Structures are given as C-alpha cells and as structure tokens.
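Taken in order, the sequence shown gives residues 1 to 519; the numbers are from UniProt numbering.
All C-beta atoms in this analysis are idealised placements derived from N, C-alpha and C, irrespective of residue type, glycine included.
None of the values given here were measured: they were computed from a predicted structure.
A short write-up of the structure that comes next.
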Amino acid sequence: MAGHLLLVILMYSFHELKAQVLLPPKLTVNPAVITETDSVTLNCQTPPSVSVTQCYFYTLNGGTTRVQPCLQTLTGTELLQMAHQRLPATVGLQCYYKAILGETNAPSKFSDTTFVTIQILLPPKLTVNPPVITETDSVTLNCQTPPSVSLNQCYFYTEGTIRVLSCLQTLTGTELLQMAHQRSPAEIKIKCYYTVKRGETNSPSPHSDTTSIVIQTLLPPKLTVNPAVITETDSVTLNCQTPPSVSVTDCYFRIREKPAKIFSCLKNLSGTELLKITNQSPPAEVKVKCFYLDTSSSPDSDESSIIIRTSLPPKLTVNPAVITETDSVTLNCQTPPSVSVTQCYFYTLSGGTIRVLSCLQTLTGTELLQMAHQSSPAEIKMKCYYTVKRGETNSPSPHSDTSFITIQRTVRDRSCLQTLTGTELLQMAHQRSPAEIKIKCYYTVKHGETNSPSPHSDTTSIMIQSAAENNERKTDLTTSISTTTSPVGGGDEGAAQPKRANGLLPGQQEPVPVHARYV
C-alpha cells in the first residue's frame, strides 16, 4: 500500500513539474549582416506571461554565456570577442531566461539558433545616371559606401583599369571610353570598391555589383506631332527634339518611307502639304520619322502617325439639358476653327428628321418633341453635322457625339381649389379624347431664398370621353330616366326634365375640381 502511495506522489510531482516547464524565448537579430564597427540589436523575446529584465545570451562557437538586458545592442567586435572568432565570421547565437518555479530560479528552454554574419567590410552600391549617353554627354557615378564608413575616395574599375576618384564622380562618354580602351558605340561595364585602414595596411571592401553604361555615337531624337488628327486645311506641328548636347537647326523627316526631306526641326505643315508629299488623298494616315546630322547620321526617332480626315466632327452642346415643353434649349453645333459655315444639320435619333438650322439655334421643348415625334415626358437624343463644298458636291462631316435633352411635363401653378373643363385638361396633357388623364399635385414652402417643394400627392385619374360617346351615354341615360318618371299611359309634355345622378341636365358639362400644382 505504501509503495502505491509513493508511486502516486512521484507521478503527481512529475506532472506538476512538466506543467511548469518554461516556454522558450524567441531571439531576433537586426541587421543580420554587419562589419566589426557596425552594431547589431539582439532581442530575446520572452513569453507574455513572463516578466524578466535580464536574459542569457550564448554563442555556439565560443560557448560563452553573457547576462545582458533582453534587448541588447553589440558591435561586431564585441560579438567576435564573445564567440572567440576572427573576421570574416558567422556567429551562432541562442538565448534563454530564468524565472522562479516553486523554490528555485529555473532556466527556460533555449531559443532557436540565430546567426549574425560579420564581414571585414560591406560592399558598396554603384549607381549610374543616365545609363545611356553619347561621347559628349556626361554620366554621374555614385559609389555608395555603408553608413558606418566615411570616405571621400573610391576605386572604379573597368576592363582591368582602376581609377581612384571621388565616390560621387561625373565623367564624359569620351573619358569612360578611354578608361575602358573602347570606341563608341560601346557598353561599358563598371564596378567600384573602397578601402579601410587596418593597422599598417588598407583593406579593400568587397566589390559592388556590375553596372552598365551604354555609349552611343549619337542618340535618337524624339518626334512629337500636334495635333495628331487634322483635315486638309488644318496644320500640324512636327517637333524633332534632339538631345541637349546636340545643337542643330535643321532635321530630316522621313514621311511614309519617301526620301528624307530637310526642314526646320520645329516645322508646321498643312494636311494638304502632307498629302502632296505622300501622294495620298483624304482620309489618310501619314507616318513620320526624323533624324539629324552631327558628324554622322543619328538613329531614327520612333514613328509618329498623323490622321488626315476629310473633315472633323463638330461638337454639339445643349443648354439647359433639362426643360419643359414651354422652355427653350440652345443647340450649339461647334465646327472646327478651320471651317466657317452658318448652317448645320440637326437630327434626332428617334424621329430621324433632319433640320437645317443655324449652327447656334434655340428651340422650345414642343418644337423638339415634334421634331422627334415624341410626347413628354421624353429624352431626346440629338446629333449634328455640317457640309463642306468639294468641287461640285457638298461633303458631310462626321457626325457629332450624341447629346441628350430631357423634356419634362409642364408644371402649372394654380389655385389649390381649381375648376377645369375637360377640354382644358386635354390641352394641359397634350391628349385627345377619349383619354385617361393622370394627375398629381404638390405645394411649395418658402425656406430662406428658395421655395422647397413638398412630396407629390398620389396619382388621380380623370376619364374624358369623346363627344360621340358622351352623347350616346346621355341618350341612354335620358331614355332610362324618362321611362321611370313618365306617367302610365303616355308622356306629359309638361313633365319635369329628367336629371342625371349628379344633378346636371343632359348636355351640361361637369366641372372637375383639381388642387395645387399639376404634374
């Protein structure tokens, strides 16, 4: 029995100790690659449930353990001393911490191993700007050393030639070619490094990555055309832009693979002139390149295209874009500056009707609805174009983009208690009998300088019959009433006239009460 009790106590103690094992910390290093003079930050991160200020850092090579703050900064030299290593070296590090468990100060598990690489010197970074030049152009070489190294001079080398220069150095294409023992056109591959004094000797750094500089005999020009779409009577500006290092006034233009023509580098040509040069007729696409001469011929520019149309489309604007039938809208069919016409052609997409009007024209909503064969409310889609005399014929221009005009029903201000005849209602709704008139009303309230409209009422319908239907209805109603009111045995001429259910005599028109503003 005592043996069983001892076994239970031992098992309980084992499980209690196992539950109390301390979790390992996490070790991070930043940066992971340094020199002797650089610093690295070691961060031994303990679990959130543990609060300690000191940690134990352990080097795998030296077997040295140092008690430090859990967030610690060391130089490359201090790490090398701690690990008993020399340059260049990779130092493996672990860390742990201690915390009270019961009566003892128990160590945690070790962190994973983290490595810090300590180099003799870090390589510089070489940048060149610009990477493409000519012999007379200049390039800036920048050999950027690490922040921990302060130097004025660096070593640049290419094709076996080493030159000691300022770490930020400007050279011409000619100087680079001489340094590399090459001729243009050429691609110069260049590296750089620096040296640091160590005792009596200068220790060279690792070399930078290779950077290339392209030296051309001449750089190509840049050709721009403005505008890129013209008519025969319009002009286009050709601008053959040479590099800043080249000073020429004349350039050579290759137009549609024809022999090069010499013009000023900034040249204006009409569409007609371009068509003559290329032996084309509108509509046409003219492709142009340019180059210049400076001791030799430069490469050609990229190709640019000029579109020459018979005529350019007009631009149609409408103002305002939302009206009622009684309001007016101004249509402005704006032709290109090179075209002078007084009349333009307007047409609606729904009606297909074309009207010749002044290019700046005002129409009412009613006129637009008639032109589009529509009734309000409606959205009128409209385009315009113009014509240009070409010989004996009038050539139409491309059509403008579509413009939209919204025509709303007429809103009328009336007394909130209003009497209208059926005829007046039909006129207001632009309808004919028989018809169902749907009507709403709302009111406005003054708020400061503006009138704020109320929400609209529900829709109410009024049925208006045609005169023939109304007469037939009257006859039926009169016959019915006469039959029920005449004395037995015949009619009495002096009998009272029969009245309709609403109290009106046959033939009288019933007034319709309506309220407020009508939409």
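Whole-angstrom distance between residue j and residue i, CA atom to CA atom
{"i": "His322", "j": "Thr278", "result": "At residue 322 the sequence reads Val, which differs from the His that was named. Computed Cα separation, rounded: 49 Å."}
{"i": "Pro337", "j": "Tyr345", "result": "18 Å"}
{"i": "His447", "j": "Pro455", "result": "15 Å"}
{"i": "Asp209", "j": "Lys125", "result": "7 Å"}
{"i": "Arg409", "j": "Thr402", "result": "23 Å"}
{"i": "Gln94", "j": "Leu122", "result": "25 Å"}
{"i": "Val91", "j": "Ser184", "result": "49 Å"}
{"i": "Glu367", "j": "Ala260", "result": "58 Å"}
{"i": "Ile34", "j": "Met82", "result": "16 Å"}
{"i": "Asn332", "j": "Arg432", "result": "34 Å"}
{"i": "Lys98", "j": "Val21", "result": "11 Å"}
{"i": "Leu269", "j": "Ser328", "result": "43 Å"}
{"i": "Cys265", "j": "Pro131", "result": "26 Å"}
{"i": "Gly494", "j": "Ala467", "result": "With a pLDDT of 44 at Gly494, under the threshold of 50, the modelled position of this residue cannot be trusted; read the value that follows with caution. The alpha-carbon atoms of Gly494 and Ala467 are separated by roughly 29 Å."}
{"i": "Val388", "j": "Leu360", "result": "18 Å"}
{"i": "Gln119", "j": "Thr75", "result": "12 Å"}
{"i": "Val67", "j": "Ala89", "result": "22 Å"}
{"i": "Glu232", "j": "Arg355", "result": "27 Å"}
{"i": "Thr393", "j": "Tyr385", "result": "16 Å"}
{"i": "Ile215", "j": "Cys55", "result": "58 Å"}
{"i": "Ala378", "j": "Val339", "result": "33 Å"}
{"i": "Asp250", "j": "Gln153", "result": "44 Å"}
{"i": "Gln169", "j": "Ile230", "result": "48 Å"}
{"i": "Phe263", "j": "Leu176", "result": "35 Å"}
{"i": "His373", "j": "Thr330", "result": "19 Å"}
{"i": "Arg86", "j": "Glu78", "result": "11 Å"}
{"i": "Ser296", "j": "Pro283", "result": "37 Å"}
{"i": "Asn202", "j": "Asn129", "result": "29 Å"}
{"i": "Gln72", "j": "Val116", "result": "14 Å"}
{"i": "Val52", "j": "Thr64", "result": "21 Å"}
C-beta atoms of residue i and residue j nearer than 8 Å
{"i": "Thr460", "j": "Pro453", "result": "no"}
{"i": "Thr140", "j": "Cys167", "result": "no"}
{"i": "Ala435", "j": "Ile464", "result": "yes"}
{"i": "Val225", "j": "Val318", "result": "no"}
{"i": "Tyr252", "j": "Tyr292", "result": "yes"}
{"i": "Asp234", "j": "Gly271", "result": "yes"}
{"i": "Lys381", "j": "Ser350", "result": "yes"}
{"i": "Ser311", "j": "Ser397", "result": "yes"}
{"i": "Leu275", "j": "Ser281", "result": "yes"}
{"i": "Ile307", "j": "Glu285", "result": "yes"}
{"i": "Ser395", "j": "His430", "result": "no"}
{"i": "Val40", "j": "Pro48", "result": "no"}
{"i": "Thr335", "j": "Ser358", "result": "no"}
{"i": "Thr114", "j": "Thr46", "result": "no"}
{"i": "Lys191", "j": "His181", "result": "no"}
{"i": "residue 549", "j": "Met179", "result": "One cannot answer for residue 549 here, as it falls past the ends of the chain, which runs 1 to 519."}
{"i": "Ser148", "j": "Thr37", "result": "yes"}
{"i": "Lys440", "j": "Ser457", "result": "yes"}
{"i": "Gly365", "j": "Thr324", "result": "yes"}
{"i": "Leu171", "j": "Ser138", "result": "yes"}
For residue i: DSSP bridge partner residues
{"i": "Lys258", "result": "According to DSSP, which records beta bridges pairwise, Lys258 is partnered with nothing at all."}
{"i": "Phe115", "result": "Gly92"}
{"i": "Thr73", "result": "Thr41"}
{"i": "residue 520", "result": "Given a span of 1 to 519 for the chain in the structure shown, any question on residue 520 remains unanswerable."}
{"i": "Pro396", "result": "Thr387"}
{"i": "Glu78", "result": "Note: Glu78 sits in no beta bridge, so no partner."}
{"i": "Glu36", "result": "Paired residue(s): none; Glu36 is not in a bridge."}
{"i": "Val248", "result": "Looking at the DSSP assignment, Val248 forms no beta bridge with any residue, so it has no partner."}
{"i": "Val139", "result": "Leu171"}
{"i": "Thr324", "result": "Gln408"}
{"i": "Arg198", "result": "Thr201"}
Burial state of residue i (16 or more Cβ within 10 Å)
{"i": "Pro69", "result": "exposed"}
{"i": "Glu135", "result": "buried"}
{"i": "Cys416", "result": "exposed"}
{"i": "Ile188", "result": "buried"}
{"i": "Glu159", "result": "exposed"}
{"i": "Ala228", "result": "exposed"}
{"i": "Phe57", "result": "buried"}
{"i": "residue 542", "result": "This structure cannot settle anything about residue 542, because the visible part of the chain is limited to 1 through 519."}
{"i": "Lys109", "result": "exposed"}
{"i": "Thr104", "result": "exposed"}
{"i": "Ser111", "result": "buried"}
{"i": "Ser305", "result": "exposed"}
{"i": "Thr59", "result": "buried"}
{"i": "Ser486", "result": "Only weak support is given to the placement of Ser486: the predicted model assigns it a pLDDT of 40, under 50, and the value that follows is read from those uncertain coordinates. Under this definition Ser486 is an exposed residue."}
Do the stretch 290 to 308 and the stretch 210 to 224 touch if we need at least three Cβ pairs shorter than 8 Å?
yes
Report yes or no: do three or more beta-carbon pairs, one from the stretch 198 to 213 and one from the stretch 238 to 245, lie closer than 8 Å?
no
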